[in-house]
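Mapping of the sequence shown onto my numbering: residues 365 to 687, in sequence order.
From the three backbone atoms N, C-alpha and C, an ideal C-beta is built for every residue, glycine too.
Below is one structure, written out as structure tokens, with a few remarks after it.
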Amino acid sequence: MTNPDDVRIIQTRRRDISLGLADGLEAWVKNTTLKPLPTPTPAPVPTPAPAPKPTPTPAPTPAPTPAPAPVVYPLINIKINGSPYEDKGILVNGNAFVPSEVLDFLDIEPAAVDRRITYKGVVFVRAIDLRDRDIAVAWDQSTTSILLRSRRDILAGIGRIMNRGQTTAQQLTAFLTKNNSNAIAKFPNLPQIYVQEAAAEDVNHDVAFCQMCLETNFLNFGGPVKPEQFNFADMGVISPANSGLTFPDARTGIRAQIQHLKAYGSTEPINQPLVKENVRFRFVKRGIAPTVNELVGRWNADSQYGQKIINLIRLLYENAGLL
């Protein structure tokens with residue numbers, strides 16, 4: 365400030381100056397409309413950009429389901445009444461099935477058999493069900509064959525010497541073992557030898573085998589003939605004191621029995637060399653006894669001799685499931 369009077373007033377009258385300033389400010393405020401300070405607008409909070417969604421990995425295209433492999437059943441042979449049947453059967457879970465045409469061959473109405481399957485366009489029926497239709501059913505493991513036979517045919521030729529045997533070597537073994545558990549241990553392969561030797565001469569092996577079972581008491585022996593003689597049909601035994609013929613081995617003894625049966629049952633020539641030990645072969649009138657009942661008084665004096673053999677054959681067939 366340049367005016368000395370003003371300086372002096374400020375220095376000496378400070379209170380008055382302060383009151384005057386206060387009164388002036390009050391009057392000014394009353395006469396002036398004050399604008400409120402604007403409310404500051406808050407700065408907008410930036411919205412965060414959404415996180416990018418991961419691109420989903422496309423599901424792999426499933427591999428096509430492979431077609432199931434076709435079921436293949438093993439083929440089996442069929443024999444009907446002892447003769448081979450041209451068509452084949454099949455083995456399904458251990459059960460033998462045969463073509464439905466077999467029913468016509470056996471004179472069985474198709475409606476009589478329920479269990480059927482279709483395989484490769486062919487209708488098959490379960491073989492075991494044919495037992496209810498009077499058909500004997502058996503299995504031959506050695507030839508993988510199902511054996512079918514009408515029971516009428518079985519009973520018709522049950523005692524004929526020159527006939528085809530109905531049973532297999534396995535069934536003969538089972539029958540023999542059932543009646544003598546030690547028999548096969550003493551005479552291994554005996555049933556197989558009977559089947560082979562009988563086939564060589566067209567003799568019924570069921571007859572020859574059951575004759576052996578009768579004469580030796582299922583290979584227990586106990587009579588005048590001893591096991592080491594290999595004489596399975598009491599050949600040459602004329603009294604309890606006479607032990608009869610002796611053969612060098614089991615096959616020779618069986619062959620002699622088969623040839624002797626053929627001598628009684630047929631006039632056909634013997635196919636194999638005659639067993640030299642069978643010295644009485646030449647005394648038999650050929651073909652005089654076609655059945656076992658006619659062996660009575662010839663092979664054995666017992667009046668029930670033939671019937672006893674037939675009874676054993678029936679038991680054999682029952683044991684084999686043929687009757």
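Can you tell which of Asn-546, Ile-652, Gln-668 and Val-643 has the C-alpha that lies nearest to the C-alpha of Gln-575? Gln-668
So what does DSSP say about Ala-500, is it helix, strand or coil? strand
Enclosing beta strand (DSSP E) for Tyr-483 [first to last residue]: 480-483
Tell me whether Arg-516 is buried or exposed, calling it buried when 16 or more other Cβ atoms sit within 10 Å of its Cβ. exposed
Other residues of its chain near Gln-621: CB distance less than 8 Å, five sequence neighbours each side excluded: Cβ neighbours of Gln-621 beyond the five flanking positions: Ala-572, Gln-575, Met-576, Phe-596, Ala-597 and Met-599.
If you check the beta carbons only, do Arg-646 and Ala-653 fall under 8 Å apart? Contact: no.
Please list, in chain order, all residues of the same chain as Val-435 whose beta carbon is under 7 Å from its beta carbon, the five residues on each side excluded. none
Hey, how far is the Cα of Asp-451 from the Cα of Asn-445? 15 Å
For Phe-469, the first and last residue of its enclosing alpha helix (DSSP H): 465-469
If you reduce the DSSP assignment to three classes, tell me which class Lys-550 lands in. helix
Alpha helix (DSSP H) segment containing Asn-543, residue limits: 533-543
Just confirm the distance between the C-beta atoms of Ala-562 and Phe-594, as a whole number of angstroms; I'd bet it's less than 8 Å. In fact, because the Cβ distance is near 17 Å, the residues do not count as touching under 8 Å.
Boundaries (first-last residue) of the alpha helix (DSSP H) holding Leu-578: 569-580
Please confirm if the region 486-497 is in contact with the region 455-463, defined as three or more CB-CB distances below 8 Å between the two stretches. yes
Alpha carbon to alpha carbon, how far is Asp-666 from Leu-679? 20 Å
I'd like the span of the beta strand (DSSP E) that includes Ile-444, first residue to last. Here the beta strand (DSSP E) through Ile-444 covers 439-444.
Could you pull out every residue in the same chain whose Cβ sits closer than 8 Å to the Cβ of Ile-557, ignoring the five residues on either side in sequence? Ala-614, Arg-615 and Ile-618
Span separating the alpha-carbon of Ser-607 from that of His-624: Rounded to the nearest angstrom, the two C-alpha atoms are 18 Å apart.
I think Ile-510 touches Ile-440, with their Cβ atoms under 8 Å apart; what is that distance to the nearest whole Å? 6 Å
Consult DSSP for Phe-645 and reduce its assignment to one of helix, strand or coil. helix
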